[in-house]
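So the sequence shown is residues 1 to 370, counted in UniProt numbering. Ideal placement from N, C-alpha and C gives every residue a C-beta, glycine not left out.
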Amino acid sequence: MNYSYHQLSIDEFDRLYGESLQSVSQFELTFAWLKATAQFMVPDGGQVIVHCLIESEASSQVEKLIVALPLMHLAHNKTLKSLGSFYSTIIAQSYSTYYQALSHTNALNNLITHILQSSSWQTLQIGPMEEDSGLANFFITQRSKSYFSKVFSQNQNIYQDKLSSFEHYYAQLPSQLKNTLSRRSKKLRKYAPYTIDIVTTNELFERAFRDYKTIYQASWKVDEYSYDFIEQVCRSALAKNQLRLGVLYVNDKPAAAQIWFIQANETIATASIFKLAYHPDFQQFSVGSILSLALSEYVLNRDMVNVIEFGMGNESYKRDWLKLTKKRLTLQVYNKRNILGFIKGVLSIWLARLKNIKTKNTQLKRNESS
C-alpha cells in the first residue's frame, strides 16, 4: 500500500474529493457544514488546510483519497485547531468512499503522524471528539517523543438511540413533562389559536428563517455571532431535504422556533437539535416544549430517525427529553520538537498540577477545621 501525504486548500479539496466522501452520522460532520465554517468562522489571518492521506497505484498512476482532516492554521502556522467553532459540537476525520476498514487499518494514525511531524507548529487543539473515537484514542493511548497532550475540556452529549416510533418515544417521557405539555397546550388554545409550521422546502424558508431571527433576537439569548453561517448551513441542509425548521405561531405572531438537522448513513438516521428559542411574551405557555414535541413526532414518524441528540451541554431540561449521555473531549497537544511548543506544554501541565495540589490542600484544611 503506497501512501502519500498532501495538503490542500478547502476549495481544492472540494473540487477533487467533495463528492466522494462517505456518508456520516451527523449533519455537523458533512462537508457542507465544514465549508460554511471555513467561509464564516475562521479568524482573521487564518487559513484552512485539508490534510489528506492519498493511496497511489504505481501501475496506473491513479491517486485515491483515503482519509482527510481539515485544520485551521493560525498565527503563521504556529497554532493548529480543528475546523470548528462555538457552533460545532463534534468533529471527526472524513473518509472517502474508497476507504475500507480492513484494508486501511492504520490510515488515520498514518495521517495524524504526518501532520505532527512538522516542527513549525507549537500547539494543536483538536475536538470536540467522541471519547471513544479513533481520533481521540490516537492522542490518549499513543506515547510519543514528539508531542504530549492533555484534556482541554470535556462536555456531555445528551441523546437517545434505538428509537422506533413517536409512540414508543412519547411513552417513556416523564409523567411531569407530559402533564405540563397537556396543560400548557390547553391553556394556549384557550388564549389564542396557534399553528406549527415545519419547513422542509425552499418555498417557506425565507419567512421561517426571518421569523426565527425575530424570535431569537427577542429571546433571553445573546445575539447570534453569525446569522450568515446559520443561514448557509440551513440552505445546504434544505437542498438535500435535511432541514427541519419549526416555527410556532400564536395569532400569526412568531412565538417559538427550532432548527433541527437530519443525517442518515448506512446504519442510523440522526436528528440533531441545533437551535431553540422562544419569545418571552409566550413563556407561560411552554411554547418551546410544545414545538419540541411536534418536531419529535415529525422526525420519528416521517423521517424515521433512530437517534435524537442535543449537541453539547448538560442543561437539566435536556434530560427530560433524552436519557443517555456520552462524553466529548477537546485535547490540547504540544509539540516537543518546537522549543516554544515544548515550553508552553511544560508550563501548562505544571500549572495544572499546582492547581490540583492547591485544591487538595484547601480541601484538607476544610476537613480538619470541620
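Residues of its chain near Glu266, where Cβ-Cβ distance is below 8 Å and the 5 sequence neighbours each way are ignored:
Position 266 of the sequence shown, counted from the start, is the residue given in the question as residue 266. Correct list, in chain order: Ser23.
Just to confirm my understanding: we take Gly311, look at its own chain, exclude 5 residues before and 5 after, and list those with CB closer than 6 Å. What are they?
Translated into the one-based positions of the sequence shown, residue 311 becomes position 311. So the qualifying residues of the chain are Thr89.
If you scan the segment 6-65 from start to end, which runs of the beta strand (DSSP E) of 3 or more residues do you find wholly inside it?
47-57
Under the three-state reduction of DSSP, which class applies to Gly341: helix, strand or coil?
As a working note, residue 341 is residue 341 in the sequence shown. Reduced to three states, the DSSP call for Gly341 is helix.
For Leu69, which option in Leu329, Ile158, Phe274, Ile126 has the closest C-alpha, if you only look at C-alpha atoms?
For this step, residue 69 is matched to residue 69 along the sequence shown. Comparing Cα-Cα distances from Leu69 to each of Leu329, Ile158, Phe274, Ile126, the minimum goes to Ile126.
Going by CA-CA distance only, name the one from Arg337, Lys150, Gln332, Phe274 that's closest to Gly313.
Residue numbering aside, residue 313 sits at position 313 when the sequence shown is read from its first letter. The shortest C-alpha separation from Gly313 is found at Phe274.
Start and end of the beta strand (DSSP E) containing Gln263?
Here residue 263 corresponds to residue number 263 of the sequence shown, with the count starting at 1. Here the beta strand (DSSP E) through Gln263 covers 253-264.
Do we get a CB-CB distance below 8 Å when we pair Tyr3 with the residues of chain C?
Given the protein chain composition of this structure (a single chain), no chain C is represented.
List the residues that DSSP assigns as beta-bridge partners of Asn241.
As a first step, residue 241 must be located in the sequence shown, where it is residue number 241. Asn241 pairs with nothing; no bridge assigned.
Drop a sphere of 10 angstroms on the beta-carbon of Ser296, count the other beta-carbons inside from all chains shown, and report buried for 16 or more, exposed for fewer.
What you label residue 296 is simply residue 296 of the sequence shown in a count that begins at 1. Buried, since its Cβ has 16 or more Cβ neighbours within 10 Å.
Does the beta-carbon distance from Gln160 to Val307 come in below 8 Å?
In the sequence shown, counting from the first residue as 1, residue 160 sits at position 160. In the sequence shown, counting from the first residue as 1, residue 307 sits at position 307. Cβ distance < 8 Å, so Gln160 and Val307 count as in contact.
Backbone secondary structure at Gln284 - three-state DSSP:
The residue labelled residue 284 in the question sits at position 284 within the sequence shown. Reduced to three states, the DSSP call for Gln284 is helix.
Return the chain-ordered list of same chain residues with a C-beta closer than 6 Å to the C-beta of Lys81, the five sequence neighbours on each side being excluded.
Locating residue 81 in the sequence shown gives position 81, where the first residue counts as 1. Same-chain partners within the cutoff: Met72, Gln125.
Is it buried or exposed for Gln284, if we count other Cβ within 10 angstroms and need 16 for buried?
As a first step, residue 284 is located in the sequence shown; it is residue number 284 there, counting from the start. Exposed, by the Cβ-count rule.
Return the CA-CA distance between Asp223 and Ile215, expressed in angstroms with no decimal places.
Position 223 of the sequence shown, counted from the start, is the residue given in the question as residue 223. Position 215 of the sequence shown, counted from the start, is the residue given in the question as residue 215. Straight-line Cα distance between these residues: approximately 11 Å.
Measure the Cβ-Cβ separation of Leu324 and Tyr169 and say whether it is below 8 Å.
As a working note, residue 324 is residue 324 in the sequence shown. As a working note, residue 169 is residue 169 in the sequence shown. Taking 8 Å as the Cβ cut-off, Leu324 and Tyr169 do not qualify as a contacting pair.
Around the Cβ of Pro43, are there at least 16 other Cβ atoms within 10 angstroms (buried) or fewer (exposed)?
One-based indexing of the sequence shown puts residue 43 at position 43. Label assigned to Pro43: exposed.
Selection from Leu65, Phe148, Lys178 that minimises the alpha carbon distance to Leu53
For the purposes of this step, residue 53 is identified with residue 53 of the sequence shown, where counting begins at 1. Leu53 has its Cα closest to that of Leu65, out of Leu65, Phe148, Lys178.
Below 7 Å CB to CB, which residues in the same chain sit around Pro193 once its five sequence neighbours on both sides are set aside?
Here residue 193 refers to the residue found at position 193 of the sequence shown. Asn251, listed in sequence order.
Whole angstroms is fine: what's the gap from Trp220's alpha carbon to Arg337's?
The residue given as residue 220 occupies position 220 in the sequence shown. The residue given as residue 337 occupies position 337 in the sequence shown. Each residue's alpha carbon lies about 47 Å from the other.
Given a threshold of 16 other Cβ atoms within 10 Å of its Cβ, counted over all protein chains shown, does Lys240 qualify as buried or as exposed?
Against the sequence shown, residue 240 aligns to sequence position 240. Exposed, by the Cβ-count rule.
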